[in-house]
Amino acid sequence: MTAATLETAAATPARRIPMGRAIVYGVVLAIGLVLATAPFLFPDVRSQEVAARICIFIVLVASYDLLIGYTGIVSFAHTMFFGLGAYATAIALKTMGPGFDAILLGGALGVLAALVLAILIGLLSLRVKAIFFAMVTLAAASVMLVLASQLSDFTGGEDGITYDIPRFFAPANKLFEDADGKVVRLFGVALNGRLALYYFVFVTALVLFVLMLRIVRSPLGTVLEAIRENEMRAEAIGYRVVAYRTAIFCIAAVIAAIAGILRAVWLKYTGPEVALSFAIMIDILLMVVIGGMGTIVGAVIGVVIMTLAQFYLKDLMEVAAHATADVPLLPDLLNPERWLLWLGVLFILLVYFFPAGIAGTLIGKGGHK
Amino acid sequence: MKALSANIERFGGVYLLPVALAVIAFVLIAQPSTWVTLTVAGLAMGMMIFLMASGLSLIFGLMDVLNFGHSAFVSFGAFVAASVLAAMASWVHGESAALNLLALMLAIAAATALGAALGWFFERVIVKPVYKDHLRQILITMGALIVAEQLILAIWGGVPIPVPRPRVLEGSVVIGNVAIETYRIFAFVLGALVYAALHLVLNRTRVGLLIRAGVENREMVEALGFRIDRLFIAVFMAGSALAAMGGAMWAGYQSLITPALGAELMILVFIVVIIGGLGSIEGSLLGAIMVGLVANYVAFLFPKMALASNMILMMAILLWRPFGLKPAVKG
Amino acid sequence: MNAILRLDDVHTDIGQYHILHGVSLDVPEGGVHVLLGRNGAGKTTTLRTIMGLWRARRGTIIFRERVITAMRTPDISRLGIAYVPENMGIFGGLTIEENMRLATANGSFDKGRLDRVMALFPAMEKFWGKQAYALSGGQKQMLAISRAIIEKRDVILIDEPTKGLAPSIIRAMIDAFRDIARDTTILLVEQNFLFAKALGSTVAVIDDGRIVHRGGMAELAADTALQTRLLSLSLEAH
Numbered sequence: 001m002t003a004a005t006l007e008t009a010a011a012t013p014a015r016r017i018p019m020g021r022a023i024v025y026g027v028v029l030a031i032g033l034v035l036a037t038a039p040f041l042f043p044d045v046r047s048q049e050v051a052a053r054i055c056i057f058i059v060l061v062a063s064y065d066l067l068i069g070y071t072g073i074v075s076f077a078h079t080m081f082f083g084l085g086a087y088a089t090a091i092a093l094k095t096m097g098p099g100f101d102a103i104l105l106g107g108a109l110g111v112l113a114a115l116v117l118a119i120l121i122g123l124l125s126l127r128v129k130a131i132f133f134a135m136v137t138l139a140a141a142s143v144m145l146v147l148a149s150q151l152s153d154f155t156g157g158e159d160g161i162t163y164d165i166p167r168f169f170a171p172a173n174k175l176f177e178d179a180d181g182k183v184v185r186l187f188g189v190a191l192n193g194r195l196a197l198y199y200f201v202f203v204t205a206l207v208l209f210v211l212m213l214r215i216v217r218s219p220l221g222t223v224l225e226a227i228r229e230n231e232m233r234a235e236a237i238g239y240r241v242v243a244y245r246t247a248i249f250c251i252a253a254v255i256a257a258i259a260g261i262l263r264a265v266w267l268k269y270t271g272p273e274v275a276l277s278f279a280i281m282i283d284i285l286l287m288v289v290i291g292g293m294g295t296i297v298g299a300v301i302g303v304v305i306m307t308l309a310q311f312y313l314k315d316l317m318e319v320a321a322h323a324t325a326d327v328p329l330l331p332d333l334l335n336p337e338r339w340l341l342w343l344g345v346l347f348i349l350l351v352y353f354f355p356a357g358i359a360g361t362l363i364g365k366g367g368h369k
Numbered sequence: 001m002k003a004l005s006a007n008i009e010r011f012g013g014v015y016l017l018p019v020a021l022a023v024i025a026f027v028l029i030a031q032p033s034t035w036v037t038l039t040v041a042g043l044a045m046g047m048m049i050f051l052m053a054s055g056l057s058l059i060f061g062l063m064d065v066l067n068f069g070h071s072a073f074v075s076f077g078a079f080v081a082a083s084v085l086a087a088m089a090s091w092v093h094g095e096s097a098a099l100n101l102l103a104l105m106l107a108i109a110a111a112t113a114l115g116a117a118l119g120w121f122f123e124r125v126i127v128k129p130v131y132k133d134h135l136r137q138i139l140i141t142m143g144a145l146i147v148a149e150q151l152i153l154a155i156w157g158g159v160p161i162p163v164p165r166p167r168v169l170e171g172s173v174v175i176g177n178v179a180i181e182t183y184r185i186f187a188f189v190l191g192a193l194v195y196a197a198l199h200l201v202l203n204r205t206r207v208g209l210l211i212r213a214g215v216e217n218r219e220m221v222e223a224l225g226f227r228i229d230r231l232f233i234a235v236f237m238a239g240s241a242l243a244a245m246g247g248a249m250w251a252g253y254q255s256l257i258t259p260a261l262g263a264e265l266m267i268l269v270f271i272v273v274i275i276g277g278l279g280s281i282e283g284s285l286l287g288a289i290m291v292g293l294v295a296n297y298v299a300f301l302f303p304k305m306a307l308a309s310n311m312i313l314m315m316a317i318l319l320w321r322p323f324g325l326k327p328a329v330k331g
Numbered sequence: 001m002n003a004i005l006r007l008d009d010v011h012t013d014i015g016q017y018h019i020l021h022g023v024s025l026d027v028p029e030g031g032v033h034v035l036l037g038r039n040g041a042g043k044t045t046t047l048r049t050i051m052g053l054w055r056a057r058r059g060t061i062i063f064r065e066r067v068i069t070a071m072r073t074p075d076i077s078r079l080g081i082a083y084v085p086e087n088m089g090i091f092g093g094l095t096i097e098e099n100m101r102l103a104t105a106n107g108s109f110d111k112g113r114l115d116r117v118m119a120l121f122p123a124m125e126k127f128w129g130k131q132a133y134a135l136s137g138g139q140k141q142m143l144a145i146s147r148a149i150i151e152k153r154d155v156i157l158i159d160e161p162t163k164g165l166a167p168s169i170i171r172a173m174i175d176a177f178r179d180i181a182r183d184t185t186i187l188l189v190e191q192n193f194l195f196a197k198a199l200g201s202t203v204a205v206i207d208d209g210r211i212v213h214r215g216g217m218a219e220l221a222a223d224t225a226l227q228t229r230l231l232s233l234s235l236e237a238h
């Protein structure tokens with residue numbers, strides 16, 4: 001490298017910001033392409049499970065980012081809304097039988113319930129300190145979790161509910177038949193109902209994600225950022241802070257509930273572990289912080305990293321636990337079941353040193369300080 | 001109406017709420033002996049939760065720090081107490097009442113001491129770097145809670161652990177046709193003693209005066225020449241120690257504990273401080289007693305509503321008084 | 001005249017805002033010294049920077065030959081500097097007695113000083129055991145000042161003590177300040193020129209984070225042209 005190029009590199013630090021931005025958007029676009037073609041790239045069932053999970057969580061985490069990243073308020077009730085969408089759909093499918101009408105009605109009821117609860121919680125506790133809000137949502141979410149396990153007549157309790165989904169989505173459904181009545185294959189992949197289900201999840205997720213990108217680039221997003229940066233000033237300028245916060249809380253809740261519908265339809269099973277547990281809330285928090293608060297696109301990166309880590313970190317710990325089998329306590333700490341311990345440590349370090357997350361750091365904005 | 005509210009104020013104001021609760025419950029339950037049993041159970045539970053909540057409330061009031069990891073101290077207290085009691089099985093089950101109680105006291109003391117030590121570590125390492133930044137504070141203390149819970153799982157395993165109860169505190173005291181568990185009386189008395197001690201420290205000592213002043217206006221306390229950071233550590237350690245003490249008491253009360261205990265109690269503790277108002281131990285006591293009573297009455301009257309009932313109680317009180325029943329005076 | 005407190009080219013930022021742009025100020029020992037200036041000129045920031053409540057980014061603050069720029073607020077306070085903030089900093093939930101007891105070095109009152117405070121502000125004695133939030137605005141201000149003088153202090157920094165007070169109370173304040181200034185140096189931030197004129201021996205005018213005038217209060221009071229120039233700058237803006 002010549003002295004001259006060094007000098008230009010040093011003199012134009014602003015150049016690096018578009019560079020980081022390009023990397024982030026490039027990665028996100030690449031992930032999007034992989035997800036769009038996932039059934040053809042990774043035809044095995046397990047990989048499709050992972051791809052669908054990633055799609056659903058991107059929506060869930062991005063909707064949480066709307067809240068935490070663009071208003072600076074912390075809610076622990078996001079899985080509650082997710083669970084409402086999932087449970088309402090599941091109960092409708094169970095009682096009405098496998099039809100699109102059940103998904104539509106159940107989903108609508110779930111979204112409505114999420115909206116009403118969000119309005120109630122928002123108006124009740126967004127008036128007071130942000131820290132109250134975190135406590136109230138945590139309490140509300142725990143109550144919902146207990147209710148789900150106690151009202152077992154409706155929810156199946158700890159065991160959850162299994163049900164059928166419309167036949168259109170079944171693997172046996174042939175979307176296209178060839179002359180012999182066999183399912184048509186494209187690049188060796190059967191064009192069956194399972195594929196249709198994946199694309200149902202993918203396209204819905206994509207639409208919601210683009211919608212959220214539009215929301216934060218709209219005047220609403222600008223107002224929210226103004227409120228986050230300086231609440232008092234925003235209030236003084238004349239923005240009704242409580243109204244805006246309640247609005248974004250409701251939007252986030254509704255999108256989370258829709259993500260819940262996707263989850264319920266994809267899994268054909270809904271229970272506390274997959275739709276309501278506190279572990280999911282922690283996953284969401286980790287994903288949004290790793291990806292980068294206040295960026296929306298960070299959600300994509302956070303979800304992918306966390307999901308892959310959940311698979312591979314466990315394997316790594318398994319190896320480490322065996323290697324240290326003779327040392328006291330260490331194998332217990334390295335037990336794959338303790339992987340949350342290390343994620344917790346990682347989380348703390350991230351919040352200390354990279355509060356802007358991966359996308360936030362690269363883009364050079366977002367985050368909270 | 002005005003005269004009525006003035007009268008209510010004169011006879012204790014919001015402190016009458018638990019009494020009103022007890023009266024309503026008496027009418028609904030309609031069996032005096034059951035009512036007495038439930039009331040005592042509610043008071044005992046309230047006192048234990050008070051131990052856990054008072055620290056959280058004071059820490060928030062003084063430092064503006066809401067420690068979402070507070071329940072980790074409760075869990076550690078419970079498990080350490082269980083381990084100590086298990087290690088002293090011969091004292092715990094022996095004939096000598098003095099040794100019974102000594103074992104229990106040692107268990108509680110060990111839990112409390114560990115709570116203080118962990119509190120020191122927590123304040124220095126986890127919380128101090130993020131003072132004044134609520135978002136990161138919530139996230140970091142939440143991360144610390146995850147780590148703490150996982151550590152408990154790693155150390156004590158995931159299976160429920162039995163907690164031996166000292167022989168002298170087993171069984172019940174029978175008065176007429178009412179049977180009251182001895183341990184509940186013990187829990188209530190210990191809680192009341194701690195409350196009295198806290199009240200004295202806060203109202204009769206110089207440190208207490210500084211804490212009360214600090215809750216109102218930290219900057220002015222510094223401008224008057226006092227190191228507020230030292231006060232922070234002291235209060236954080238004391239609050240954590242109280243939480244661990246509450247956890248130890250709770251372990252003895254439940255006689256079977258699981259690592260999920262901290263998370264379950266944290267919800268109750270949050271509800272208590274929201275109801276009571278942040279920053280005052282009077283508020284914490286009031287909130288804890290109400291939550292304890294409601295939990296026990298409702299568990300008897302409408303078993304499936306137990307936790308939801310406290311949530312409803314919290315919502316109602318938030319609507320009525322957004323800052324809780326007895327928040328600390330600010331400014 | 002010897003300066004008890006000296007600021008030399010002090011720069012202070014609050015967040016992203018640059019508030020003090022090099023304040024240089026000598027506060028002579030003894031008497032009342034007034035810092036005048038319009039809203040937002042940097043008066044409060046100057047006091048808070050002296051007190052260590054905000055950190056100076058550049059420059060030095062010297063108190064009795066000691067550099068206190070980087071010291072902690074409690075240590076600055078213990079050197080003998082008292083601070084009465086604009087909002088008075090009263091602890092509303094504490095009684096008058098507790099408020100004043102907090103300001104004593106070891107928790108006990110010096111009988112002589114207590115008597116003097118009671119003589120200056122009889123209301124303090126009257127409400128001794130009452131919680132301070134129940135006091136009127138003027139009484140709260142008296143409590144804030146009592147707290148600052150209950151121990152021997154070398155310098156008292158007072159931020160707009162007359163704000164919102166009735167004229168009769170202001171007159172009582174003038175007498176009290178004259179008495180306090182017999183053995184204490186007072187640095188007074190003020191917008192009320194009549195009050196400042198009645199008390200001040202020297203005056204400095206701050207504008208936009210810089211000292212734009214320094215001199216004796218008597219000269220400024222006599223020089224109407226200077227007054228017009230400085231006070232239209234500093235007072236008419238609001």
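Residue numbers (this note's numbering), protein chains in the order written: chain X, 1 to 369; chain U, 1 to 331; chain H, 1 to 238.
Backbone N, C-alpha and C define an ideal beta-carbon position, used for all residues, glycine too.
Neighbour-count burial assignment, TRP250/U, 16 or more Cβ in a 10 Å radius: buried
C-beta neighbour in chain U for THR49/H, strict 9 Å: no
Spatially closest choice to LYS128/U from VAL14/U, GLY252/U, ASP229/U and GLY276/U, by CA coordinates: Of the candidates VAL14/U, GLY252/U, ASP229/U and GLY276/U, ASP229/U places its Cα closest to the Cα of LYS128/U.
Residues that LEU172/U bridges to, as DSSP identifies them: The identity of residue 172/U in the sequence shown is Ser, whereas the question assumes Leu. For SER172/U, which the question treats as bridged, DSSP gives the partners GLU181/U.
Rounded separation between VAL117/H and GLU282/U - CA only: Cα to Cα, VAL117/H sits roughly 34 Å from GLU282/U.
As assigned by DSSP and simplified to three states, the class of SER75/X: coil
Own chain, CB closer than 7 Å to MET88/H, minus 5 neighbours either side, in chain order: LYS140, GLN141 and ALA144.
Residue-level contact to chain U via CB, PRO355/X, 9 Å cutoff: yes
Best match in PRO331/X, GLY298/X, LEU41/X and VAL74/X for proximity to LEU213/X [C-alpha to C-alpha]: GLY298/X
C-beta neighbour in chain H for ARG124/U, strict 9 Å: It does not; no Cβ of chain H falls within 9 Å.
Within 9 Å of chain X by C-beta, residues of the region 135–161 of chain U in sequence order: Residues of the region 135–161 of chain U with a Cβ closer than 9 Å to any Cβ of chain X, in chain order: LEU135, ARG136, GLN137, ILE138, LEU139, ILE140, MET142, GLY143, ALA144, LEU145, ILE146, VAL147, ALA148, GLU149, GLN150, LEU151, LEU153, ALA154, ILE155, GLY157 and GLY158.
With 16 other Cβ atoms within 10 Å as the buried cut-off, status of PRO39/X: buried
Contact between the region 146–162 of chain X and the region 268–284 of chain U (3+ Cβ pairs under 8 Å): no
contact_flag[the region 313–321 of chain U, the region 20–39 of chain H] where n(CB pairs < 8 Å) is 3 or more: no
Own chain partners of ILE261/X with C-beta closer than 6 Å, once the 5 adjacent residues on each side are dropped: GLY85, THR89 and GLY107
Inter-residue Cα distance where the pair is VAL163/U and ALA78/U: 9 Å
Sheet register partners of GLY69/X (DSSP bridge): GLY69/X is not bridged to any residue.
Cβ-based burial, THR224/H [other Cβ within 10 Å; buried from 16]: exposed
Three-state secondary structure (DSSP) of TYR352/X: helix
Proximal chain U residues relative to VAL351/X, where beta-carbon distance stays under 7 Å: ARG136, LEU139, ILE140 and GLY143
Contact between the region 198–218 of chain X and the region 227–240 of chain X (3+ Cβ pairs under 8 Å): no
Coarse secondary structure for LEU139/U, derived from DSSP in three states: helix
Cβ neighbours of THR169/H in the same chain (closer than 6 Å, five flanking residues each side left out): Reading off the sequence shown, one finds Ile at residue 169/H, where the question assumed Thr. Contacts found: GLY138.
Sub-9 Å separation of THR73/H and ALA56/H beta-carbons: no
Residues near VAL34/H in its chain [Cβ-Cβ closer than 6 Å; skip 5 each side]: LEU188, GLU190, ALA196, GLY200 and VAL203
Contact the region 18–27 of chain X vs the region 171–180 of chain X: 3+ CB pairs below 8 Å: no
9 Å Cβ cutoff met for ILE156/H and ILE174/H: no
Interface residues of chain X facing LEU66/U [CB-CB closer than 8 Å]: In chain order: ILE131, ALA134 and MET135.
PRO327/U, buried or exposed, once every other Cβ within 10 Å from all chains shown has been counted against 16: buried
VAL174/U to THR37/U span [Cα, whole Å]: 11 Å
SER54/U - DSSP class collapsed to helix/strand/coil: helix
Counted within 10 angstroms of its Cβ, other Cβ atoms place MET293/X as buried (16 or more) or exposed: MET293/X is classed as buried because its beta carbon has at least 16 other beta carbons within 10 Å across all chains shown.
Cβ shell of GLY99/X (< 7 Å), same chain only, five flanking positions each side left out: PRO166
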